[in-house]
Amino acid sequence: MCAQGGCSMPAKTPERAALLPELLENLGIPDIPKVAVKGLSTDSRELKKGYVFVALNGNTVNGRDFVEHARKARVSAILMDADDGLWGGDVADIPILLIPGLRCLLGRIAARFYSEPCYGDEVIGVTGTNGKTSVVWLLAQALGAVGRKAALVGTLGAGAYDHLYATGYTTPGPVELQALLRCLHDNEFNAVCMEVSSHGLSQCRVNGVAFTGAVFTNLSRDHLDYHGNMENYAAVKGRLFAFEGLSFAVINRDDAYAQRMRDQLAPEVRVIEFGAEEGDVHVLEQNSSERGLDLLLQTPLGECHINTRLIGHFNVYNLLAVVATLVALDVAPAEIEKLAPELQPVPGRMEVFGQAPSSPLVIVDYAHTPDALKQVLMAAREHTEGELWCVFGCGGDRDRGKRPLMGKMAELFADEVVIADDNPRHEDPDLIVEDIVAGMKQKPVIIRDRAEAIEWAITQAQSGDVVVIAGKGHETVQLVGDEALPFSDREVVEKILGRAA
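All residue numbers for the sequence shown refer to this note's numbering, where the first residue is 55 and numbers rise by one.
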């Protein structure tokens with residue numbers, strides 16, 4: 055197993071050790087005790103003798119409440135963020151350091167502890183509202199096809215694209231992320247394609263990562279419960295493009311926030327822009343069918359003809375982002391053309407089920423924002439001979455403002471709408487449904503039990519119809535209260551279609 059805090063893959067990483075002054079050097083911290091550090095953790099449950107406990111305030115838990123637990127674990131030192139206030143307790147036998155801005159310094163500290171795991175590797179961060187997972191998934195495959203040993207880190211997990219390990223986060227915490235990067239490096243991965251979420255940027259989780267490239271997919275409404283408004287959301291996304299050491303940036307020039315990302319770049323950063331009709335990488339010819347997308351692209355390295363099994367117009371943009379990134383890495387068009395047909399679609403992203411003539415076509419997708427739902431339904435419409443059905447819901451404890459917009463998009467772009475639960479968490483599911491319906495002119499079918507809703511839609515749909523199951527995609531649990539109940543849209547669909555066969 056990997057060293058503490060790392061990934062679950064077999065590791066070559068030895069036990070690590072450092073001196074605390076080495077980790078805190080040049081951070082403006084006086085009187086650093088010369089104690090040995092065998093590990094770092096923000097989680098008191100992971101502490102061992104010789105570790106340093108980083109006691110930060112969280113949304114629901116205050117790390118300072120676990121100082122006594124840390125003392126019993128015989129930690130070497132305790133770090134606290136001075137921004138969280140003064141420390142009034144007393145642990146006489148353990149050094150306690152109050153460090154201003156510790157939360158945003160922690161990534162750099164962890165990177166030092168794990169011996170700067172990114173340096174010498176290609177680390178590409180991908181940010182945006184939609185498309186992060188798809189771009190990272192496809193890019194890791196593409197880099198592998200041209201001779202790199204590429205890993206991905208994101209919503210689907212971490213590791214090689216065909217051998218992923220769950221991390222629990224799109225962007226892990228700073229200590230966990232640096233441990234993971236060390237684990238990947240020591241397992242001989244020399245390229246990492248990383249989803250960089252707005253929460254990850256806002257909470258400084260990626261500080262200390264030596265990004266060589268940054269990719270911007272798009273920006274539309276999401277997470278406004280956290281960021282407050284679109285301007286704040288865009289500003290946070292832009293932080294990725296201000297990282298020191300970037301070699302290149304890939305930007306979707308068709309997005310309204312493209313210039314905001316450009317404005318963050320240092321003058322020496324190479325910029326590759328992509329777009330549907332204009333940009334360094336753009337579309338010359340496009341053909342789509344149920345078998346996939348066939349594109350002729352213009353690139354700075356010449357024309358590039360790619361044929362893939364991906365479907366949907368929004369996947370054109372995902373492919374443009376991937377090709378633009380490969381161009382930035384000087385991969386020749388001929389190599390891109392060769393690898394494109396072998397790219398595997400992303401699990402739970404425009405994933406097609408049910409090709410039997412007597413059954414409707416079913417598409418499972420992760421779309422959980424108004425724009426993503428619109429794009430998925432528009433893509434599905436291209437393959438719909440009869441009626442287009444949409445089964446979806448909205449998550450609890452998340453941005454309420456997008457719920458009526460989701461309802462509006464479903465009603466505008468689908469013929470039949472079924473609303474079901476989708477991770478209600480601690481909210482009343484009936485109130486979530488009310489929020490969705492508030493954006494609709496006609497009352498939809500409401501079947502809160504998600505499995506029943508999916509079965510009802512599929513059994514009511516006819517041959518030639520398309521049923522889109524949106525919102526959960528690859529997920530394998532339904533979050534209800536504090537419980538994570540086993541549930542998979544993909545498995546439910548396969549079971550229903552299997553009975554119908």
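Positions of the beta carbon are idealized from the N, C-alpha and C atoms, including for glycine.
Distance CB(residue i)-CB(residue j) smaller than 8 Å
i, j, result
"Glu84", "Leu74", "A quick correction: the sequence has Pro, not Glu, at residue 84. Taking 8 Å as the Cβ cut-off, Pro84 and Leu74 do not qualify as a contacting pair."
"Tyr105", "Val129", "yes"
"Val337", "Leu351", "yes"
"Leu255", "Val229", "no"
"Tyr173", "Ala264", "yes"
"Ala165", "Gln257", "no"
"Val520", "Ala474", "no"
"Val190", "Glu122", "no"
"Cys358", "Pro401", "no"
"Val323", "Leu300", "yes"
"Thr362", "Ala394", "yes"
"Tyr219", "Gly211", "yes"
"His422", "Gly449", "yes"
"Phe167", "Leu94", "yes"
"Leu193", "Thr438", "no"
"Val304", "Arg316", "no"
"Ile508", "Asp543", "yes"
"Gln556", "His528", "In this structure the chain extends from 55 to 555, so residue 556 is not present and cannot be described."
"Arg563", "Asp489", "The shown model of the chain, from 55 to 555, leaves out residue 563, and the question about it has no answer."
"Val335", "Val377", "yes"
"Ala505", "Val546", "yes"
"Val91", "Leu77", "yes"
Presumed contact (8 Å Cβ cut-off) between residue i and residue j, rounded CB distance
i, j, result
"Gly408", "Val416", "5 Å"
"Leu152", "Ala136", "4 Å"
"Cys247", "Leu206", "5 Å"
"Arg399", "Glu405", "Position check: residue 399 holds Pro in this sequence, whereas Arg was assumed. Right, the Cβ-Cβ distance comes to about 6 Å (below 8 Å), so this counts as a contact."
"Gly329", "Arg307", "4 Å"
"Trp443", "Val487", "No, Trp443 and Val487 are not in contact; Cβ-Cβ is about 18 Å, not under 8 Å."
"Leu156", "Leu133", "6 Å"
"Gly440", "Gly518", "4 Å"
"Ile365", "Leu349", "Rounded, the Cβ-Cβ distance is 12 Å, inconsistent with contact."
Bridge-paired residues (DSSP) for residue i
i, result
"Val341", "Per the sequence shown, residue 341 should be read as Asn rather than Val. Paired residue(s): Asp348."
"Gln532", "Leu539"
"Met432", "Paired residue(s): none; Met432 is not in a bridge."
"Arg479", "Val534"
"Cys444", "Val471 and Val522"
"Ile305", "Phe270 and Glu327"
"Ile500", "Ile473"
"Val335", "Phe328"
Terminal residues of the alpha helix (DSSP H) in which residue i lies
i, result
"Glu122", "Val121 to Lys126"
"Asn286", "Met284 to Gly292"
"Glu506", "Arg504 to Gln514"
"Ala131", "Careful: Ala131 lies outside any alpha helix (DSSP H), inside the beta strand (DSSP E) at Ala131 to Asp135."
"Ile163", "Leu156 to Phe167"
"Leu152", "Here Leu152 belongs to no alpha helix (DSSP H); instead the beta strand (DSSP E) covers Ile150 to Ile153."
"Leu255", "Ser252 to Ser256"
"Met315", "Ala312 to Arg316"
Beta strand (DSSP E) segment containing residue i, residue limits
i, result
"Cys247", "Ala245 to Glu249"
"Leu238", "Premise fails: Leu238 lies in the alpha helix (DSSP H), Pro228 to Asp240, not in any beta strand (DSSP E)."
Exercise for review: Within the stretch 348-423, note down every full beta strand (DSSP E) run reaching 3 residues or more, in order along the chain.
Suggested key: With a minimum length of 3 residues, the continuous beta strand (DSSP E) runs that stay inside the stretch 348-423 are 356-362, 405-407 and 415-419.
Exercise for review: Report the residue ranges of all beta strand (DSSP E) runs contained in full by the stretch 177-220; include only those spanning at least 3 residues, in chain order.
Suggested key: Segments of the beta strand (DSSP E) lying fully in the stretch 177-220: 204-208, 211-214 and 217-219.
Practice item. With a floor of 4 residues, list each alpha helix (DSSP H) that falls wholly inside the stretch 63-119, ordered by position along the chain. Key: Unbroken alpha helix (DSSP H) runs of no fewer than 4 residues, entirely contained in the stretch 63-119, are found at 74-77, following chain order.
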